[in-house]
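Asks: Starting off with a structure, shown below.
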Amino acid sequence: MKTNSTSAPIPTQQVKHELRRDVTVWGSFMWGYADVGADIYVALGLVMAYAQGAASLVFAIAGSIYIMIGFAYTELSSAYPVAGGGPYFTLRGLGDFWGFVGGSALLLDYTIDIALFAVGSAGYINFFMPYVIGRTPESFVISIGPLHGINPIWCLESLIIIGILIMVNIRGIKESSVLNSFLGAVDLMAESSVIIFGFLFAWKPEMLASQWKTQFPSMHNFMYGSSLAIISFVGLESISQAAQETKRPASIIPRTSLTLIFTVFIFAVSFSTLGLGVLPWQNFAARMGDPVAMLAHTIPYIGLIAGPLAAILGATILFISSNSGVMSASRLTFSLSQFGIISPWFHAVHPKYHTPVRTIVIFSMIGVIQTILSFLTPSAMDTLGNMYAFGASLGYILVFIALIKLRFSDPYTPRPYKVPLNVNIKYKGRKTSFPILGVIGMLGVGTILFEVVLTHTIGRIAGPSWIILCFMYYVWYRKRDGYPVFGSIKHDWEAEQIEVLTSAEEYDLLEQYKLALAERDKKRKEIK
Amino acid sequence: MQPQVTLLGAIIAIVFATSIGGLLWWMLHPPAQIQPAVAKARHAVGAFKRILVPTLGVAYSEKAIELACRLGTEQKAEIVLTYVLEIPRTLPLDASIPEGEAQGNEALERGKAVVELHDLIPILRLERAREAGEGIVKVAKENEVDVIVLGIRPSWHGGQNIWGQTTDILLKKAPCEVIIDKLPG
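Same order as they appear, the protein sequences are chains A and B. The numbers in my numbering rise by one with no breaks, and the one at position 430 of the first sequence is 430. The numbers in my numbering rise by one with no breaks, and the one at position 125 of the second sequence is 1125.
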């Protein structure tokens, strides 16, 4: 499949793929889990504050949509095991312009990742504040003129965390698969223990029922909460990041990503159900900074240890997630520059440390600005989550459209995993399976985007403004380099796919792919 | 907080632990890796989209048809069945030989029944040639087949040519792979 060309092709030597690491099944799973598994530490308090007695339902609804998104990512990541993620799939399916839109939405999310998880990490550090300095973090809240509820200490802590991340990333660090695996495994056990012990010894079904019955949110809050719940699943992109660096991704990724999707879904629904059966939702709303640690602290037998342990794990794992925002922004800009979506200028390396210094500084500084501005609003976490939801839902819609389009435009690439629920239809004389779930998922994410625009005052202005800003840059860059703005640059996807499958050591798929291409060429010859 | 155990809570805890444990177990048991040579071999057979089987309407020919069908089932291959009517050099190639034609059509119809049992598409060709081998090669070329499956007679009387003339021509001139199936004599 070749995209229509309207301009000079990008030199093939420019499109190079990174060397693959020998990431194991467990390592691949933990890579994602360290990223996505951390989300509940931030999302629990935030969603509870709006979804109130219906928090479990909200997590279940958002989670169901997330599962469909996960299915789409699993299919695309195992079929195209490269690190570009959503924007890459969009670019392949829909062309350069939509690839740019998906890329800019994701870039917005990575900058928010940096800010949101730095704020979250600082929130869990603050769990120890009363024990260390004898004051609660809330006691530092001040008002400046018309702005109320500003917490300068929490803001400062978050900025220090981002500052540390900028420094270590400029000096150059390697994402440690071993560290991720270790922390992820400890976190998995700790979260599981809290849930199991919580349901066994602390959970009161009558309390859950009472909150459901008497504390059901208004429609506005329900919609707001369900659109925020999507942040429990931040980091889906890590599935495709892992694909790039895992051996035999087509065999491994479907298993690790499906396990990741369902694990995170089970955790999100379990934590909210447990939380509502143990404490009033107002407690979580009041402790948005460290809701999991607070919940763990109340569990009989293990609370004394589980509370501080959850706080330490929360602070650490959210720090790593914030760092993955910095690194992912850098990976994404590299990927986008390879395909002529943004200038390679972004990827210039530091003369001494050989790290992509411009990307690190620019996108981390955007994270800094977002952090400062969010602390000027009544709830920093809420504001950041608000903006995140816009970027994520826009990016996911494009991924769903790309999924459907690629089933038709690139039926030759073998798909070791397919989104379930397909109907076979004839298209250009060839049997193609149309993904019904792709359409349902697209409508589901579309609903979330609609909710965001309808209910998120900041998200509906800041999100589109960011995309417009990026579009202005895109037009300038593409015109300057003689590339079409709405058209696509010529890409030799077939050669690239062969290269990708060979480097992934997916020989079975490689043979399938070559066979499908040979068959197609034979048919074309027959027609001629 | 005072511990409080409820039946529902205990059930949820067990379901939770089982679900997470089950998911992790499934994840940690992926299929084994396929080596490049194995993958090539696997897909080389998968590449048989059109299979030619010469038939004489005898048992070993029909077994070859069955074999071809099983080779082609997974990829829904087309099965080209041919009966080559050998015309003596003393007669023109288009000479009428009603008895031979009837025998050929009967053999092809029987072969067709075997193919249809497998839900595959049969293509029937009654070919005229001076030598059966030459006729088979011609059909193979015209139909661009990927492989020829040839059943040969089980008996061998100790002569030098174990294959017979048809097989010999096929092995020398066939434009594609040839699979020979010889029943024990």
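The beta carbon of each residue, even a glycine, is placed where N, CA and C say it ideally should be. Computed from a predicted structure; not experimentally measured.
1) Per DSSP, what are the beta-bridge partners of Arg1128 of chain B in this structure?
2) For chain B, check one thing: does any of its Cβ atoms lie closer than 7 Å to the Cβ of Trp212 of chain A?
3) I want to verify the contact list: residues of chain B whose CB lies under 9 Å from the CB of Lys204 of chain A, in sequence order.
4) Starting from the beta carbon of Phe29 of chain A, find every residue of chain B whose beta carbon is closer than 7 Å, and list them in chain order.
5) Would you please state the rounded distance, in angstroms, between the beta carbons of Arg287 of chain A and Gly45 of chain A? I believe it to be under 8 Å.
6) What do you get for Gln338 of chain A, buried or exposed, if any count of 16 or more other CB atoms within 10 angstroms of its CB means buried?
7) For a contact defined as C-beta to C-beta under 8 Å, what are the partners of Trp26 of chain A on chain B?
8) By the 10 Å Cβ neighbour count, where 16 or more other Cβ atoms means buried, how is Phe265 of chain A classified, buried or exposed?
9) What are the residues in the segment 254-282 of chain A lying within 9 Å of chain B by C-beta distance?
10) With a cut-off of 7 Å, does the C-beta of Tyr124 of chain A fall near any C-beta of chain B?
11) Measuring alpha carbon to alpha carbon, tell me which of A:Lys514, A:Glu506, A:Arg478, A:Arg480 ends up nearest Ala495 of chain A.
12) Which value, in whole angstroms, describes the spacing of the CA atoms of Ile114 of chain A and Phe363 of chain A?
13) Using DSSP with H/G/I as helix, E/B as strand and the rest coil, what is His456 of chain A?
14) State the CB to CB distance for the pair Ala83 of chain A and Ser257 of chain A, rounded to an integer number of angstroms; the pair is presumed to be in contact (CB under 8 Å).
15) From the DSSP output, read off the bridge partner residues of Tyr73 of chain A.
16) Between which two residues does the alpha helix (DSSP H) holding Phe89 of chain A run?
17) Across the segment 1024-1034 of chain B and the segment 248-263 of chain A, are there enough close Cβ pairs to call them in contact, namely three or more that are closer than 8 Å?
18) Beta-carbon of Ala1071 of chain B versus every beta-carbon of chain A: anything under 7 Å?
19) Take Arg21 of chain A and list the residues in its own chain whose beta-carbon comes closer than 6 Å to its own, dropping the five residues that flank it on each side.
20) Please work out which residues of its chain come closer than 7 Å, Cβ to Cβ, to Ala185 of chain A, disregarding the five sequence neighbours upstream and downstream, and give them in chain order.
21) Ignore the nearest five residues each way along the sequence and tell me which others in Leu1183 of chain B's own chain have a CB closer than 6 Å to its CB.
22) Beta carbons nearer than 7 Å to chain A: which residues of the segment 1011-1023 of chain B have them?
23) DSSP puts Ile150 of chain A in a beta bridge; with which residues?
24) Can you check which of these residues, B:Asp1181, B:Gly1151, B:Asn1143, B:Gly1100, is closest to Pro1175 of chain B by C-alpha distance?
25) Expressed to the nearest angstrom, what Euclidean distance is found between the alpha-carbon atoms of Phe334 of chain A and Phe100 of chain A?
26) Could you tell me the alpha carbon to alpha carbon distance between Glu1101 of chain B and Pro1088 of chain B, rounded to whole angstroms?
27) Do we get a CB-CB distance below 7 Å when we pair Ala1140 of chain B with the residues of chain A?
28) Would you say Asp521 of chain A reaches chain B, if we count a Cβ-Cβ gap shorter than 7 Å as a contact?
29) Which residues of chain A have a Cβ atom closer than 7 Å to the Cβ of Pro1031 of chain B, listed in chain order?
Replies: In short:
1) Stepping through the second sequence from its first residue, residue 1128 of chain B is reached at position 128. Looking at the DSSP assignment, Arg1128 of chain B forms a beta bridge with B:Leu1085.
2) Counted from its first residue, the first sequence places residue 212 of chain A at position 212. Taking Cβ atoms only, chain B never reaches closer than 7 Å to Trp212 of chain A, which makes this a no.
3) Position 204 of the first sequence, counted from the start, is the residue given in the question as residue 204 of chain A. Here the neighbours are Gln1004, Thr1006, Gly1009.
4) The sequence position of residue 29 of chain A within the first sequence is 29, counting from 1. In chain order: Met1027.
5) Reading the first sequence from its first residue, position 287 is the one you call residue 287 of chain A. Reading the first sequence from its first residue, position 45 is the one you call residue 45 of chain A. Right, the Cβ-Cβ distance comes to about 6 Å (below 8 Å), so this counts as a contact.
6) Looking up residue 338 of chain A in the first sequence gives position 338. Label assigned to Gln338 of chain A: buried.
7) The residue given as residue 26 of chain A occupies position 26 in the first sequence. The contacting residues are Leu1028.
8) One-based indexing of the first sequence puts residue 265 of chain A at position 265. By the 10 Å Cβ count, Phe265 of chain A comes out buried.
9) Pro254, Arg255, Thr256, Leu258, Thr259, Leu260, Phe262, Thr263, Ile266, Phe267, Ser270, Thr273, Leu274, Gly277, Val278
10) As a working mapping, residue 124 of chain A is identified with position 124 in the first sequence. So no, Tyr124 of chain A is outside the interface.
11) Taking the first sequence and counting its residues from 1, one reaches residue 495 of chain A at position 495. Ala495 of chain A has its Cα closest to that of A:Lys514, out of A:Lys514, A:Glu506, A:Arg478, A:Arg480.
12) For the purposes of this step, residue 114 of chain A is taken as residue 114 along the first sequence, with counting starting at 1. For the purposes of this step, residue 363 of chain A is taken as residue 363 along the first sequence, with counting starting at 1. When rounded, the distance between both Cα atoms is 9 Å.
13) The residue you call residue 456 of chain A lines up with position 456 of the first sequence. If DSSP states are grouped into helix, strand and coil, His456 of chain A belongs with coil.
14) Here the question's residue 83 of chain A lines up with position 83 in the first sequence. Here the question's residue 257 of chain A lines up with position 257 in the first sequence. Rounded, the Cβ-Cβ distance is 14 Å, inconsistent with contact.
15) One-based indexing of the first sequence puts residue 73 of chain A at position 73. Partner(s): none; Tyr73 of chain A has no beta bridge.
16) Here residue 89 of chain A is taken as the residue at index 89 of the first sequence, counted from 1. From DSSP, the alpha helix (DSSP H) with Phe89 of chain A extends over 86-94.
17) yes
18) Sequence index remark: in the second sequence, residue 1071 of chain B carries index 71 (1-based). For the sequence presented, residue 1071 of chain B should be read as Leu rather than Ala. So, not an interface residue.
19) Against the first sequence, residue 21 of chain A aligns to sequence position 21. Residue confidence for Arg21 of chain A is low, a pLDDT of 47 falling below 50, so the modelled location carries little weight; the figure read from the coordinates is stated next. Glu245.
20) Residue numbering aside, residue 185 of chain A sits at position 185 when the first sequence is read from its first letter. Met30.
21) Along the second sequence, read from residue 1 onward, the residue named residue 1183 of chain B stands at position 183. Same-chain partners within the cutoff: Tyr1060, Pro1154.
22) Ile1012, Ala1013, Phe1016, Ala1017, Ser1019, Ile1020, Leu1023
23) If you number the first sequence from 1, residue 150 of chain A lands on position 150. Looking at the DSSP assignment, Ile150 of chain A forms a beta bridge with A:Ile142.
24) Position 175 of the second sequence, counted from the start, is the residue given in the question as residue 1175 of chain B. When each option's Cα is compared against that of Pro1175 of chain B, the closest is B:Asn1143.
25) Start at 1 with the first residue of the first sequence, and residue 334 of chain A comes out as number 334. Start at 1 with the first residue of the first sequence, and residue 100 of chain A comes out as number 100. The alpha-carbon atoms of Phe334 of chain A and Phe100 of chain A are separated by roughly 13 Å.
26) Looking up residue 1101 of chain B in the second sequence gives position 101. Looking up residue 1088 of chain B in the second sequence gives position 88. Roughly 14 Å between the two C-alpha positions.
27) Taking the first residue of the second sequence as position 1, residue 1140 of chain B is located at position 140. Cβ-Cβ to chain A under 7 Å: no for Ala1140 of chain B.
28) On the first sequence, residue 521 of chain A is found 521 positions in, with the first residue counted as 1. By this cut-off, Asp521 of chain A is not an interface position.
29) By one-based count along the second sequence, residue 1031 of chain B stands at place 31. Within chain A, the residues near Pro1031 of chain B are Ser251.
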